[in-house]
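Under my numbering, residues 0 to 219 are what the sequence shown spells out, in order. By construction, the Cβ of each residue, glycine as well, lies at the ideal position given by its N, Cα and C atoms.
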Amino acid sequence: MQYSLILEDHAETRKWWLAELPRIFPDTSALAAGTVEEARSLLRKQGFWLAIVDLKLPDGSGVDLIRKVSVKYPDTICVVNSIFDDDHHVFSALRAGAKGYLVKDQPRDLQTAQLKQILHGQPPLSPGVARRILSHFAAEGQEPRVNENSGASSEQLTERETEVLRLIAKGFSRPEVAEMLGISVHTVATYTKSIYQKLDISRRAEAVVEAVRLGLVRSN
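What follows is the structure, encoded as structure tokens:
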């Protein structure tokens with residue numbers, strides 16, 4: 000049995016996640032905290048493979064907890080669940096070590112569908128957040144921050160891999176990419192794995208940055 004942690008001060012949302020996580024991940028037992036201190040106490044007692052973290056808590060910031068978890072418990076996947084989708088909150092969380100970012104104003108079925116992407120090795124990221132990342136790094140006069148170890152160029156990607164990367168960077172989910180290209184979701188996953196290996200990246204957010212660097216996508 001694996002354990003997941005929910006850090007959420009809103010009782011109704013916390014209750015929903017407590018019921019939803021075991022449904023999404025049948026081998027998972029969910030524990031919840033309403034404050035940063037409660038979450039820290041649970042972390043001292045129990046290991047977690049997943050943490051759903053709100054950002055604004057009564058006694059502190061979810062970003063601070065994510066930063067601590069990323070250092071002390073590196074195997075724990077931290078996914079933000081917040082009403083905030085502005086640059087400050089998004090990039091603060093990602094820099095702290097968040098592996099995903101789900102916006103609360105989306106329908107809940109979409110949030111759960113995006114969270115399930117973890118099962119396919121794909122960090123969950125709301126499409127709007129992906130587009131915000133793209134806009135941020137493609138802003139006029141701003142150089143995208145890329146993986147310095149990556150020497151990959153667009154020529155190293157196949158034509159189909161380039162198409163997949165472009166669509167991923169625009170915020171489309173794997174099922175959406177599969178439908179648009181007329182291929183299976185499994186095939187999209189295979190292409191995505193190859194792209195990540197060639198570009199030496201591991202997150203959708205990094206894929207967005209690399210797509211900008213390679214000139215595959217631009218902000219509107």
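Review point. With which residues is T27 paired in a DSSP beta bridge?
Key: In the sequence shown, residue 27 corresponds to position 28, counting from 1. Q1, per the DSSP bridge assignment.
**Study point:** Spatial neighbours of R131 in its chain, beta-carbon cut-off 7 Å, leaving aside the 5 residues before and after
**Key:** Taking the sequence shown and counting its residues from 1, the one referred to as residue 131 is at position 132. Result list for R131: D84, D86, V89, in chain order.
Practice item. Would you check if there are 3 or more beta carbon pairs closer than 8 Å linking the segment 120-129 to the segment 58-74? Key: no
Review point. Rounded to the nearest angstrom, how far is the Cβ of R203 from that of V187, given a contact under 8 Å?
Key: One-based indexing of the sequence shown puts residue 203 at position 204. One-based indexing of the sequence shown puts residue 187 at position 188. Incorrect: roughly 13 Å between the Cβ atoms, too far for contact.
Check your understanding: Assuming G99 and P73 make a contact with CB atoms under 8 Å, what is their CB distance in whole Å?
Key -> The sequence position of residue 99 within the sequence shown is 100, counting from 1. The sequence position of residue 73 within the sequence shown is 74, counting from 1. That pair is no contact at about 15 Å.
**Study point:** Residue burial classification, T191 (beta-carbon count within 10 angstroms, cutoff 16)
**Key:** Residue mapping note: residue 191 aligns to position 192 of the sequence shown, counting from 1. T191 should be labelled buried.
Practice item. Using a threshold of 8 Å, state whether the C-beta atoms of S193 and E160 are closer than that. Key: Within the sequence shown, numbered from 1, the residue matching residue 193 stands at position 194. Within the sequence shown, numbered from 1, the residue matching residue 160 stands at position 161. Cβ atoms of S193 and E160: closer than 8 Å.
Exercise for review: Kindly list the residues whose CB is nearer than 6 Å to the CB of I167, restricted to its own chain and excluding five residues on each side of it in sequence; keep chain order.
Suggested key: The residue labelled residue 167 in the question sits at position 168 within the sequence shown. Counting only Cβ-Cβ distances below 6 Å, and skipping sequence neighbours, we find A206.
Review point. Should L180 be counted as a contact of the ligand ATP given a C-beta to heavy atom distance under 7 Å?
Key: Judged by which ligands are present, the structure shown has none, so any question about the ligand ATP falls away.
Practice item. Please classify L49: is it buried, with 16 or more other beta-carbons within 10 angstroms of its beta-carbon, or exposed? Key: Within the sequence shown, numbered from 1, the residue matching residue 49 stands at position 50. With 16 or more other Cβ atoms within 10 Å, it is buried.
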